[in-house]
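Respectively, the protein sequence lines represent chains S and W.
For what it's worth, the working numbering labels the leading residue of the first sequence as 1, then goes sequentially.
For what it's worth, the working numbering labels the leading residue of the second sequence as 1, then goes sequentially.
Comments concern the structure below.
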Amino acid sequence: MFDSSKKNKRKTYGIVSLFLVFLAVIVYFIMTYCFEVSGTIALVVSMLLAILTSWASYYNSDKIVLSLNGARPATKEENQRMVENLEGLCIAAGLPVPKLYIMDDGSPNAFATGRDPEHGVICVTTGLLEKLDSNELEGVLAHELSHIKNYDTLLQTIASVFVGFVTILSDLFFRIGINVMSDSDSDNKASGAVGLIGFVVGIIFLALSPLFANLLKLALSRNREFLADSSAIELTRNPEGLISALQKISTDTDPLEQANKSTECMYIYNPIKNKQGKTSSLFSTHPSVEDRIEALRNIH
Amino acid sequence: MTGLIIALVIIVALLAWVVMVYNGLIQSRNKVKNAFAQIDTQLQRRFDLIPNLVETVKGYASHEKELLENVTASRSGYMNATTNAEKMAADNQLTSTLKSLFAVAENYPELKANQNFAKLQDDLKGTEDKVAFSRQFYNDAVTMYNNKLQIFPNNIVAEMFNFKEEDLFKTEEAAKAAPKVQF
Numbered sequence: 001m002f003d004s005s006k007k008n009k010r011k012t013y014g015i016v017s018l019f020l021v022f023l024a025v026i027v028y029f030i031m032t033y034c035f036e037v038s039g040t041i042a043l044v045v046s047m048l049l050a051i052l053t054s055w056a057s058y059y060n061s062d063k064i065v066l067s068l069n070g071a072r073p074a075t076k077e078e079n080q081r082m083v084e085n086l087e088g089l090c091i092a093a094g095l096p097v098p099k100l101y102i103m104d105d106g107s108p109n110a111f112a113t114g115r116d117p118e119h120g121v122i123c124v125t126t127g128l129l130e131k132l133d134s135n136e137l138e139g140v141l142a143h144e145l146s147h148i149k150n151y152d153t154l155l156q157t158i159a160s161v162f163v164g165f166v167t168i169l170s171d172l173f174f175r176i177g178i179n180v181m182s183d184s185d186s187d188n189k190a191s192g193a194v195g196l197i198g199f200v201v202g203i204i205f206l207a208l209s210p211l212f213a214n215l216l217k218l219a220l221s222r223n224r225e226f227l228a229d230s231s232a233i234e235l236t237r238n239p240e241g242l243i244s245a246l247q248k249i250s251t252d253t254d255p256l257e258q259a260n261k262s263t264e265c266m267y268i269y270n271p272i273k274n275k276q277g278k279t280s281s282l283f284s285t286h287p288s289v290e291d292r293i294e295a296l297r298n299i300h
Numbered sequence: 001m002t003g004l005i006i007a008l009v010i011i012v013a014l015l016a017w018v019v020m021v022y023n024g025l026i027q028s029r030n031k032v033k034n035a036f037a038q039i040d041t042q043l044q045r046r047f048d049l050i051p052n053l054v055e056t057v058k059g060y061a062s063h064e065k066e067l068l069e070n071v072t073a074s075r076s077g078y079m080n081a082t083t084n085a086e087k088m089a090a091d092n093q094l095t096s097t098l099k100s101l102f103a104v105a106e107n108y109p110e111l112k113a114n115q116n117f118a119k120l121q122d123d124l125k126g127t128e129d130k131v132a133f134s135r136q137f138y139n140d141a142v143t144m145y146n147n148k149l150q151i152f153p154n155n156i157v158a159e160m161f162n163f164k165e166e167d168l169f170k171t172e173e174a175a176k177a178a179p180k181v182q183f
C-alpha cells in the first residue's frame with residue numbers, strides 16, 4: 001500500500017548522492033586550476049564560515065522561521081480540536097507532539113520546521129483554520145507531521161548548505177582562478193591543447209554550477225512533498241481529507257502576505273502564487289497539485 | 001588448518017547473524033508492548049472523564065437514571081477488565097452509551113448550555129479519536145513485528161527462541177467481545 005514512499009526514499013538518496021558527486025567534481029576542478037596558497041586558505045575559511053552559519057541556523061531554525069513569519073503559539077483552550085487532533089496523529093506516528101503555532105493570515109497554508117522530531121514545530125495560518133473542515137485539517141497536520149518524521153527539515157538544511165557551498169566555490173574560482181591564469185604566462189597547467197579544453201569545460205561547468213545545484217535542491221524538495229503526502233495518508237488513512245484540503249488551498253485566491261523566498265519550500269502549498277503554468281516545472285519547489293492528487297489516488 | 005579457520009569464521013558469522021536477528025525481534029516485540037500500553041493510557045484517560053460527566057448530567061437530568069447507570073457500568077466494566085480485548089469492549093460500550101446520552105442531552109437546553117458539559121463532550125470526542133489512533137499505532141507495530149518474525153530466514157531464529165506472533169486489533173473483535181461486560 002505504501003510502496004510509493006519507499007520508491008521516494010530511494011529517489012531522495014539518489015539525489016543526495018548526485019549532490020555529493022557534483023560537489024566532488026567542482027572541488028576537483030578548482031583544485032586543478034587554482035593551486036595558489038591564498039586560494040586554498042580562502043577556500044577553507046569560506047567553507048568553515050558556511051558550516052558555522054548553517055550550523056547556527058540549523059540549531060535556531062525554528063525560532064528564526066517563526067519570528068520571520070510572525071507566529072504565535074496555539075493554546076488548547078482556543079484550538080482544542082486541532083491540538084487534540086495533532087496529539088492523536090502523534091500517537092499514531094509514535095512521535096513527540098510538536099509545538100503548534102498560528103499565523104494571522106487569511107491565506108490557508110501551513111509549514112513545519114525544527115531539526116528533529118524532539119524540536120518539531122508546526123505552524124498553520126488562521127485562514128487554514130477558517131476554510132478547512134476537520135478532515136481536511138487533519139490531512140494537512142499529518143502532512144506537516146510527516147515532514148518532521150521524515151527529517152525533511154534537516155534534509156532541506158543540508159541541501160541549502162550544499163547550494164551555498166557550490167555557489168561560494170564557483171564564485172571563488174572566478175575571483176582566484178582567473179587571476180592565477182593571467183599571472184602565470186610561462187609554465188602553468190593550462191598550457192597545451194588538452195589542458196586548455198579541460199580549462200574551458202571547467203569554466204563552463206563552474207559558471208553553471210549554482211544553477212544545477214539549485215535544480216537538484218528543488219527536485220529534492222518536490223520529492224519530499226510526495227513522500228510527506230503519502231506518509232500523511234499512512235497516518236490518517238483518509239486520502240480524501242488531504243485531497244480536498246489541497247484542492248481548497250490551491251484554488252484559494254488570498255495571497256500569503258508573510259511569504260518570502262527563503263521560507264517558500266517549507267509550506268504545504270507553494271505560498272508564492274504564480275498565475276501562469278500549472279504544471280510542475282524544473283524551477284518550482286512543489287509538485288503541481290494535480291500531480292500530488294494523482295499520486296494520492298494511486299496509493300490504494 | 002585453513003579449513004578449520006574457514007569453519008570458525010562461518011560459525012562466528014552465523015552466530016553474529018543469530019544475535020542480530022534475535023535483538024531485532026526483541027526490539028520489535030518491545031515496541032508492540034509499548035504500543036499496547038499506549039492504548040491503555042488513552043482508555044484510562046477516557047474513563048477518568050466519566051465520574052465528572054455523570055455528576056454534571058445528574059445536576060440537570062437526574063431522572064435519566066438508566067442512561068447514567070449504563071455509563072457508570074461501562075466504567076466499572078473497564079476497571080474490572082483484565083485483558084485488552086475486554087477493555088476495548090468496555091470502551092465500545094461506553095461509546096454507544098455516550099451517543100444516546102448526548103442525544104438525550106438535546107432535550108435539556110440548560111445542560112447543553114453548561115460549559116463544563118460542552119468541554120466534557122469535546123474531551124470525550126478527543127479521547128475517542130486518540131484511542132483509535134493508538135490502536136492504529138499498535139496494529140502498525142504488530143504488523144512490523146509479525147513480518148520480521150515470519151520472513152525467511154528470520155523465522156528459524158524466531159522458532160529457536162520461541163517468539164510468538166501477536167494478534168492485530170480488529171474493531172469487530174472488540175465488538176464481539178462486548179456482551180461479556182456485566183451490567
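Backbone N, C-alpha and C fix where the C-beta goes; we use that ideal spot for every residue, glycine too.
Spatial neighbours of Phe36 of chain W within its chain, please: CB distance less than 7 Å, with the 5 preceding and 5 following residues excluded, ordered by chain position. Taken in chain order, the residues that qualify are Asn84 and Tyr138.
Checking 8 Å against the spacing of the C-beta atoms, do Asn375 of chain S and Ser231 of chain S come in under that value? In the structure as shown, chain S starts at 1 and stops at 300, and residue 375 of chain S therefore has no counterpart that could be examined.
Between Lys185 of chain W and chain S, is any beta-carbon pair separated by less than 8 Å? In this structure chain W extends from 1 to 183, so residue 185 of chain W is not present and cannot be described.
Option in W:Lys170, W:Glu165 and W:Ala158 with minimal Cα separation from Val19 of chain W: W:Ala158
What are the boundary residues of the alpha helix (DSSP H) that Phe102 of chain W is part of? Annotation for Phe102 of chain W: the continuous alpha helix (DSSP H) segment containing it runs Asn84 to Ala105.
Which word fits Met1 of chain W, buried or exposed, when buried means at least 16 other C-beta atoms lie within 10 angstroms of its C-beta? exposed
Can you tell me which of S:Tyr13, S:Leu242 and S:Leu18 puts its alpha carbon nearest to the alpha carbon of Val163 of chain S? S:Leu18
Could you give the distance in angstroms between the alpha-carbon of Gly139 of chain S and the alpha-carbon of Val201 of chain S? 48 Å
Gly3 of chain W, buried or exposed, once every other Cβ within 10 Å from all chains shown has been counted against 16: Counting of Cβ neighbours within 10 angstroms places Gly3 of chain W among the exposed residues, the total staying below 16.
At least one CB of chain W closer than 8 Å to the CB of Ile91 of chain S: is that the case? Taking Cβ atoms only, chain W reaches closer than 8 Å to Ile91 of chain S, which makes this a yes.
Taking C-beta pairs closer than 7 Å, name the residues in chain W that Glu87 of chain S reaches, listed in chain order. Listed along chain W, the residues sitting closer than 7 Å to Glu87 of chain S by beta-carbon distance are Lys130.
What are the start and end residues of each continuous alpha helix (DSSP H) run of 4 or more residues lying completely inside the segment 135-161 of chain W, in chain order? Here the runs fully enclosed are 154-160.
Quick one: list the residues of chain W neighbouring Gly94 of chain S, beta-carbon separation under 9 Å, in chain order. Lys31, Asn34, Ala35, Gln38, Phe137, Asp140 and Ala141
Going along the chain, which residues of its own chain have a beta-carbon closer than 7 Å to the beta-carbon of Asn155 of chain W, five neighbours each way excluded? Leu149
Would you report the Cα separation of Glu78 of chain S and Val16 of chain S, rounded to the nearest angstrom? 42 Å
Reference Ile204 of chain S; option with closest CA among S:Thr153, S:Thr236 and S:Val25: Checking every option, the nearest Cα to that of Ile204 of chain S belongs to S:Val25.
Thinking C-beta only, is Tyr267 of chain S closer than 8 Å to Phe111 of chain S? yes
In whole angstroms, what is the alpha-carbon distance linking Arg72 of chain S and Asp229 of chain S? 26 Å
Under a CB-based cut-off of 8 Å, is Asp91 of chain W close to chain B? Among the chains of the structure shown, chain B does not appear; the protein chains present are S and W.
Return no unless some Cβ of chain W is closer than 8 Å to the Cβ of Glu136 of chain S. no
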